[in-house]
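**Q** Read top to bottom, the protein sequences are chains D and Y.
If you read the first sequence in the numbering used here, its first letter stands for residue 137, the second for the next number, and so on.
If you read the second sequence in the numbering used here, its first letter stands for residue 83, the second for the next number, and so on.
Backbone N, C-alpha and C define an ideal beta-carbon position, used for all residues, glycine too.
On a predicted model such as this, the values are computed, not experimentally measured, just so you know.
Next up is a structure, given as structure tokens.
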Amino acid sequence: DTGVSQNPRHKITKRGQNVTFRCDPISEHNRLYWYRQTLGQGPEFLTYFQNEAQLEKSRLLSDRFSAERPKGSFSTLEIQRTEQGDSAMYLCASSPVYTEAFFGQGTRLTVV
Amino acid sequence: TQLLEQSPQFLSIQEGENLTVYCNSSSVFSSLQWYRQEPGEGPVLLVTVVTGGEVKKLKRLTFQFGDARKDSSLHITAAQPGDTGLYLCAGEGYTGAGSYQLTFGKGTKLSVIP
């Protein structure tokens, strides 16, 4: 297994468009996290899945954001009607239960 | 909400010097992780500390978890240019209803000048 994989690595979109990012976690990792990181800041928590259940969702996640993890494997994060303030690095991480998280390389979103 | 404060925010030192980075919180964590991140990449896990008072060494890096499991430090001996990067601490805490959350500090940006 090569680790957590995120696609695409970079995405440039026009304001108002919808975008979807994909995360493939390490096999058999129950827990999956999505984070957002802007320049000069640490990652900010967005949402958390344990298997297919979305157990935690940050107040940062507006109604335009939705995440899914069907079948408890890969996950998608969709942003509808993108705004310039959504420009950031979106990071996905996975972990076995109760241990450290392993991150993917992230998806860099630029909204123009 | 569990908050982690990292200090200093920026650190620029000469090759060969020693340094310490701090991570403090008023919350108790079940574990604490340290990551290093390079520009345009995801954070890479360096170490996890779980027990209060625990000390772990990774070559020139020494990590310590506070006795009360609220704070941690990272000490680098004889820093090298390859140590340059953003150092992040992250605390794992139980948020209820069977859910755990990993909360990050804002990071310490380290530059080691040759």
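Cβ of D/Gln177 less than 7 angstroms from any chain Y Cβ?
**A** Yes, D/Gln177 counts as interfacial toward chain Y.
**Q** Decide if Y/Ile158 is buried, meaning its Cβ has at least 16 other Cβ atoms within 10 Å, or exposed.
**A** With 16 or more Cβ atoms within 10 Å of its Cβ, Y/Ile158 is classed as buried.
**Q** So, does the region 156–172 of chain D touch the region 210–218 of chain D, judging by three or more C-beta pairs under 8 angstroms?
**A** Flag = yes, the region 156–172 of chain D and the region 210–218 of chain D touch.
**Q** Would you mind telling me which residues of chain D sit closer than 8 angstroms to Y/Gln115, beta carbon to beta carbon, in chain order?
**A** Those within 8 angstroms of Y/Gln115 in chain D are Glu236 and Ala237.
**Q** Any contact of the region 183–192 of chain D with the region 162–170 of chain Y, i.e. 3+ C-beta pairs under 8 angstroms?
**A** The region 183–192 of chain D vs the region 162–170 of chain Y: no contact.
**Q** Thinking C-beta only, is Y/Val126 closer than 7 angstroms to Y/Ser113?
**A** No, they are not a contact pair.
**Q** Is the Cβ of D/Leu227 closer than 7 angstroms to any Cβ of chain Y?
**A** Output row for D/Leu227: interface = yes.
**Q** CB-CB under 8 angstroms to D/Pro206, same chain, minus the five flanking residues each way: which ones, in chain order?
**A** Closer than 8 angstroms at the Cβ level, and outside the excluded window around D/Pro206, lie Glu188.
**Q** Apart from the five residues on each side of it in sequence, which residues of its chain come closer than 8 angstroms, Cβ to Cβ, to Y/Phe129?
**A** According to the sequence shown, residue 129 of chain Y is Val rather than Phe. Here the set comprises Gln115, Trp116, Lys138, Leu140, Leu143 and Phe145.
**Q** According to a CB-to-CB cut-off of less than 8 angstroms, which residues of the region 119–148 of chain Y neighbour chain D?
**A** Listed in sequence order: Gly122, Glu123, Gly124, Pro125, Val126, Leu127 and Thr130.
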